[in-house]
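Residue numbers (this note's numbering): 2 to 213.
This report refers to the structure that appears directly beneath it.
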């Protein structure tokens, strides 16, 4: 599945990949400079999470959780940048995002499960085993519950639930796909999470814009 990526296919060398990574890191460092001290402190944690994630398949049973931490760390950073603090709703959103990452990346890991077993790698799909679909459903449930909790905390209008119920429908559809445990279906479920995220975003926008 990864044989056509630039590095594995030889389109770029290891030295070029390192150079690109350093350039992007310097650009990111420049972007963080105008922000407050709290955000800069959090950026150090964000860099560490991004750096260790690629290696977690070698020693951590659920590397997808680290992926969720790395992907979602922009949430507390955004609150810190705007409010110079990290309120409770930021942490709830962050934790919900971690469970979402575990859900969709477990579906992705189900595609590669046989290959990962042969290579001796660790993934949530391997760790959960026969309970993989159950684990994904629990993670989706925790994601959707976290969204309701935040909606109530910041008093979104009832229009939020239009997007929320669409997201629920997306989650149910994706669970039906992964329940087949077929590679193509699991990969389709993974990609379909774009729509789940878009639905939640729609709900948040409507909930904010149409508050009484």
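C-beta: ideal position from N, C-alpha, C; glycine also.
Taking the C-alpha atoms as reference points, what is the distance between residue 74 and residue 44? 9 angstroms
Would you mind sorting residue 213 into buried or exposed? The rule is 16 or more other CB atoms within 10 Å of its CB. exposed
List the endpoints of the continuous alpha helix (DSSP H) containing residue 177. 161 to 179
Helix, strand or coil for residue 138, going by three-state DSSP, please let me know. helix
Since residue 84 is in the alpha helix (DSSP H), which residue starts that stretch and which ends it? 75 to 84
Contacts around residue 97, its chain only, beta-carbon distance under 6 angstroms, and the 5 residues preceding and following it disregarded: 144 and 147
At what residues does the alpha helix (DSSP H) containing residue 105 begin and finish? 89 to 112
Outcome for residue 179 when other beta-carbon atoms lying within 10 angstroms are tallied against a minimum of 16: buried
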